[in-house]
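Student: Have a look at this one.
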Amino acid sequence: MAAILILGLVLPSPFQAEIKTIQRVDDPVVMESRVLTALLKSPLDRLALVARTGEVWAPIPFQIDEKKPDGSYAFTFGPLAGPDPDPTLDANDELVFMVKDTGDRVEDQKWPEAAEAVMEIEVRDPKNGQKGWAYLVRFSGPAPRSQDDYIQVETDPASNYRKIITYEYVMGGPSNVIYPDYMAARELPNGRPGVDVLDRLKMRGEFVLPMGLSIPLIFDEMAKSKDKGLIDGPVRVLLLAEGYLELAKFIKIKGEGYSLISYYVNHMIWPMAMELPMARLLKIENFYGYLDFNQNVFGSCSFSAANPYNKDVVFDGHMSEAEKKLDTETNIDWNAGFGPQGAIIHRLYFDPRPAVSKQLHYFIDDATIQDPPEDFPGVFGAGYHLVFPEELLPQSTVYQYYYFLSRLRPEEVSRILDILDHPVEVRVKARVGP
Numbered sequence: 003m004a005a006i007l008i009l010g011l012v013l014p015s016p017f018q019a020e021i022k023t024i025q026r027v028d029d030p031v032v033m034e035s036r037v038l039t040a041l042l043k044s045p046l047d048r049l050a051l052v053a054r055t056g057e058v059w060a061p062i063p064f065q066i067d068e069k070k071p072d073g074s075y076a077f078t079f080g081p082l083a084g085p086d087p088d089p090t091l092d093a094n095d096e097l098v099f100m101v102k103d104t105g106d107r108v109e110d111q112k113w114p115e116a117a118e119a120v121m122e123i124e125v126r127d128p129k130n131g132q133k134g135w136a137y138l139v140r141f142s143g144p145a146p147r148s149q150d151d152y153i154q155v156e157t158d159p160a161s162n163y164r165k166i167i168t169y170e171y172v173m174g175g176p177s178n179v180i181y182p183d184y185m186a187a188r189e190l191p192n193g194r195p196g197v198d199v200l201d202r203l204k205m206r207g208e209f210v211l212p213m214g215l216s217i218p219l220i221f222d223e224m225a226k227s228k229d230k231g232l233i234d235g236p237v238r239v240l241l242l243a244e245g246y247l248e249l250a251k252f253i254k255i256k257g258e259g260y261s262l263i264s265y266y267v268n269h270m271i272w273p274m275a276m277e278l279p280m281a282r283l284l285k286i287e288n289f290y291g292y293l294d295f296n297q298n299v300f301g302s303c304s305f306s307a308a309n310p311y312n313k314d315v316v317f318d319g320h321m322s323e324a325e326k327k328l329d330t331e332t333n334i335d336w337n338a339g340f341g342p343q344g345a346i347i348h349r350l351y352f353d354p355r356p357a358v359s360k361q362l363h364y365f366i367d368d369a370t371i372q373d374p375p376e377d378f379p380g381v382f383g384a385g386y387h388l389v390f391p392e393e394l395l396p397q398s399t400v401y402q403y404y405y406f407l408s409r410l411r412p413e414e415v416s417r418i419l420d421i422l423d424h425p426v427e428v429r430v431k432a433r434v435g436p
């Protein structure tokens, strides 16, 4: 879920018109509908999220993801698809929109025509106090809708392949495994589409069994998944998958948890919940998780929380002296890269924290290495070296955040880090009641 802070239902009154000042453009807002008190039990087709800029009202992209009484999503596709028993707006449904689409604050009596009830949603940047506003409105008839659809899913059953296509990026991969093997900017600053820069996401190490027996852990290849539910909205896509780890042909460790992936216009949030029944008998050593790129990434720089931008740390197929001297001993929670084909920032968290002892910067740039299975020779990778405790936890979840941008300057990384480190604050207030 996107990081926001719901502060309550108290806003100053009377309501004065204010101009939008918030500059944040990357943050989504995900909020439970229980705070939208004046609109609960409203028919969804009569609700619209609107914003006003100057004297003009316009619908903005939003979605209401319905949840069932047990808290599970009412998926619209997949084996678990099924309607919410309450088809109206209820307390556990989620409202989703982007901060960048907010507008000005509106005085009383200046509502859109046919508005019956209005909830004001104020979004505030906690770092500087800048604000923007959106209004969830119940109309007396069918509600207006924005024509923008920020994100789409394309699935080819014949090839068992899926692509996520947004205004910012395209990501693809086989539907029955966890790793993506295609990543490209939707449009570069020069107006051209980006090209695929990814070989695959690799997660590899060793399982050490009792008596010292070691089994190669090629997690990206061994982990199998099966889609269970999908919601394809204009602001985010939710994909629920369950999986298992196939250590050998007849040895499977089934995950009792789930992976509920959230895709947005400029990023994806990927939690992986794993349960290892044999955890106390296993050790994981020499584990590395990283994006292994192809040669289209050449000319791109890589840096991290432990290694500031250095123009000599650049993918070109061989390890430079600067690359050999990178800090690989300091814990990090993000790394980033940028170049001719766009930019990416990757954040990583474990829950609970003790599930991993260290997460260190990992970088390799060597065209001579063979590391199958892979589609392109050589390893051009950036990510994490993960050091696990001597005694593995039987249950844990790893959260990966991938942010995609068409361009990035090193000093701009903070704008992405702020999404989690300084989440926007949200206040709501009924402006017109039923």
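Residue numbers (the numbering used here): 3 to 436. Glycine included, every Cβ here is placed at the ideal spot set by N, Cα and C.
In three-state DSSP terms, what is R282?
Tutor: As a first step, residue 282 must be located in the sequence shown, where it is residue number 280. Three-state DSSP puts R282 in a helix.
Student: Sorted by chain position, which residues of the same chain lie with C-beta nearer than 7 Å to Q372's C-beta, five sequence neighbours on each side aside?
Tutor: By 1-based counting over the sequence shown, the position of residue 372 is 370. Contacts found: P379.
Student: Any contact between the stretch 47-55 and the stretch 95-110? By contact I mean 3 or more CB pairs, one from each, below 8 Å.
Tutor: Yes, they touch.
Student: Going by DSSP, what residue range makes up the beta strand (DSSP E) through V299?
Tutor: Stepping through the sequence shown from its first residue, residue 299 is reached at position 297. Where V299 is concerned, there is no enclosing beta strand (DSSP E), given that its DSSP letter is neither H nor E.
Student: CB G383 to CB Y364, shorter than 8 Å?
Tutor: Numbered from its first residue, the sequence shown carries residue 383 at position 381. Numbered from its first residue, the sequence shown carries residue 364 at position 362. Yes, the pair counts as a contact, with Cβ atoms nearer than the cut-off.
Student: Go ahead and label H320 buried or exposed: buried means 16 or more other beta carbons lie within 10 angstroms of its beta carbon, across all protein chains shown.
Tutor: Translated into positions along the sequence shown, residue 320 becomes position 318. Flag for H320 reads exposed.
Student: In chain order, which alpha helix (DSSP H) runs of at least 4 residues are fully inside the stretch 69-126?
Tutor: none
Student: Buried or exposed for K112, please, with buried defined as at least 16 other CB atoms from any protein chain shown within 10 angstroms of its CB.
Tutor: Stepping through the sequence shown from its first residue, residue 112 is reached at position 110. Exposed, since its Cβ has fewer than 16 Cβ neighbours within 10 Å.
Student: By a C-beta neighbour count over all protein chains shown, 10 Å radius and 16 as the cutoff for buried, is G257 buried or exposed?
Tutor: If you number the sequence shown from 1, residue 257 lands on position 255. Here the model assigns G257 a pLDDT of 44, short of 50, so the residue's position is not dependable and the matter cannot be decided.
Student: Determine the contact status of R188 and T168, defining contact as a CB-CB distance below 8 Å.
Tutor: The residue you call residue 188 lines up with position 186 of the sequence shown. The residue you call residue 168 lines up with position 166 of the sequence shown. Yes. Within cutoff.
Student: Can you name the start and end residues of the alpha helix (DSSP H) that V415 belongs to?
Tutor: Numbered from its first residue, the sequence shown carries residue 415 at position 413. Looking at the DSSP string, the run of the alpha helix (DSSP H) that includes V415 is V415 to D423.
Student: In whole angstroms, give me the CA-to-CA distance for D353 and V400.
Tutor: To locate residue 353, count along the sequence shown from 1; it is residue 351. To locate residue 400, count along the sequence shown from 1; it is residue 398. Their backbone Cα atoms lie some 6 Å apart in a straight line.
Student: In whole angstroms, what is the alpha-carbon distance linking V32 and N333?
Tutor: Against the sequence shown, residue 32 aligns to sequence position 30. Against the sequence shown, residue 333 aligns to sequence position 331. For V32 and N333, the distance between alpha carbons rounds to 30 Å.
Student: Along the chain, where does the beta strand (DSSP E) that runs through K326 open and close?
Tutor: By 1-based counting over the sequence shown, the position of residue 326 is 324. Segment E323 to K326 is the alpha helix (DSSP H) holding K326; no beta strand (DSSP E) there.
Student: Please identify the residue among M173, D95, R238 and N178 whose C-alpha is closest to the C-alpha of D151.
Tutor: Translated into positions along the sequence shown, residue 151 becomes position 149. Nearest C-alpha to D151: R238.
Student: Would you say Y75 and G231 are within 8 Å of each other, going by their C-beta atoms?
Tutor: Taking the sequence shown and counting its residues from 1, the one referred to as residue 75 is at position 73. Taking the sequence shown and counting its residues from 1, the one referred to as residue 231 is at position 229. Yes, these two residues count as a Cβ contact at 8 Å.
Student: Return the CA-CA distance between K22 and D318, expressed in angstroms with no decimal places.
Tutor: Numbered from 1 along the sequence shown, position 20 holds the residue referred to as residue 22. Numbered from 1 along the sequence shown, position 316 holds the residue referred to as residue 318. Roughly 44 Å between the two C-alpha positions.
Student: Tell me H269's beta-bridge partners as DSSP assigns them.
Tutor: In the sequence shown, the residue the question calls residue 269 occupies position 267. Paired residue(s): Y405.
Student: Could you give the distance in angstroms between the alpha-carbon of Q25 and the alpha-carbon of L190?
Tutor: As a working mapping, residue 25 is identified with position 23 in the sequence shown. As a working mapping, residue 190 is identified with position 188 in the sequence shown. Each residue's alpha carbon lies about 22 Å from the other.
Student: For the stretch 410-428 against the stretch 118-136, are there 3 or more C-beta pairs whose distance is under 8 Å?
Tutor: yes
Student: Mapping the DSSP letters down to three states, classify A145 as helix, strand or coil.
Tutor: Residue 145 sits at position 143 when you count from the first residue of the sequence shown. In the structure shown, A145 sits in coil (DSSP, three-state: anything other than H, G, I, E or B).
Student: Which of the three DSSP states is assigned to R433 in this structure?
Tutor: For the purposes of this step, residue 433 is identified with residue 431 of the sequence shown, where counting begins at 1. It is a strand residue.
Student: Out of S177, T39 and P71, which one is the CA nearest neighbour of V120?
Tutor: Numbered from its first residue, the sequence shown carries residue 120 at position 118. It is T39.
Student: How big is the Cα-Cα spacing for A186 and Q132?
Tutor: For the purposes of this step, residue 186 is taken as residue 184 along the sequence shown, with counting starting at 1. For the purposes of this step, residue 132 is taken as residue 130 along the sequence shown, with counting starting at 1. For A186 and Q132, the gap between their C-alpha atoms comes out near 33 Å.
Student: Please go through the stretch 204-229 and give each complete beta strand (DSSP E) segment of 3 or more residues, from N-terminal end onward.
Tutor: 216-220
Student: How long is the line joining the alpha carbons of A357 and L388, rounded to whole angstroms?
Tutor: Here residue 357 refers to the residue found at position 355 when the sequence shown is read from its first residue. Here residue 388 refers to the residue found at position 386 when the sequence shown is read from its first residue. Looking at the two C-alpha atoms, the distance is approximately 10 Å.
Student: Using a 10 Å radius around the Cβ and a threshold of 16 neighbouring Cβ atoms, would you call P63 buried or exposed?
Tutor: Taking the sequence shown and counting its residues from 1, the one referred to as residue 63 is at position 61. Looking at its Cβ environment, which holds 16 or more other Cβ atoms inside 10 Å, P63 is buried.
Student: Comparing alpha-carbon positions, which option in V155, R282 and S35 lies nearest P396?
Tutor: Along the sequence shown, one-based indexing puts residue 396 at 394. Of the candidates V155, R282 and S35, the one whose C-alpha sits nearest the C-alpha of P396 is R282.
Student: So for P396, helix, strand or coil by DSSP?
Tutor: Against the sequence shown, residue 396 aligns to sequence position 394. In the three-state scheme derived from DSSP, where H, G and I count as helix and E and B as strand, P396 is classed as coil.
Student: Could you give the distance in angstroms between the alpha-carbon of L293 and the alpha-carbon of P114?
Tutor: Here residue 293 is taken as the residue at index 291 of the sequence shown, counted from 1. Here residue 114 is taken as the residue at index 112 of the sequence shown, counted from 1. About 48 Å.
Student: Considering just the uninterrupted stretch of the beta strand (DSSP E) at A50, what are its terminal residues?
Tutor: Position 48 of the sequence shown holds residue 50. L49 to T55 is the span of the beta strand (DSSP E), which, as asked, contains A50.
Student: Would a C-beta distance cut-off of 8 Å place E392 and K226 closer than the cut-off?
Tutor: Within the sequence shown, numbered from 1, the residue matching residue 392 stands at position 390. Within the sequence shown, numbered from 1, the residue matching residue 226 stands at position 224. For E392 and K226, no; Cβs fall outside 8 Å.
Student: Excluding the 5 residues preceding and the 5 following K70 in the sequence, name in chain order all residues of the same chain whose CB lies nearer than 8 Å to its CB.
Tutor: Along the sequence shown, one-based indexing puts residue 70 at 68. Its chain contains A76, G84, D86 and P87 as the residues whose beta carbon lies nearer than 8 Å to that of K70, once the 5 sequence neighbours on both sides are disregarded; these appear in chain order.
Student: Could you name the residues that DSSP lists as bridge partners for R349?
Tutor: As a position in the sequence shown, residue 349 is number 347, starting the count at 1. Note: R349 sits in a beta bridge opposite W336 and Y403.
Student: Would you say R355 and Y290 are within 8 Å of each other, going by their C-beta atoms?
Tutor: To locate residue 355, count along the sequence shown from 1; it is residue 353. To locate residue 290, count along the sequence shown from 1; it is residue 288. Their beta carbons are not under 8 Å apart, which means R355 does not touch Y290 by this criterion.
Student: In the DSSP output, which residue or residues are listed as bridge partners for F382?
Tutor: As a first step, residue 382 is located in the sequence shown; it is residue number 380 there, counting from the start. F382 is bridged to F295 and D367.
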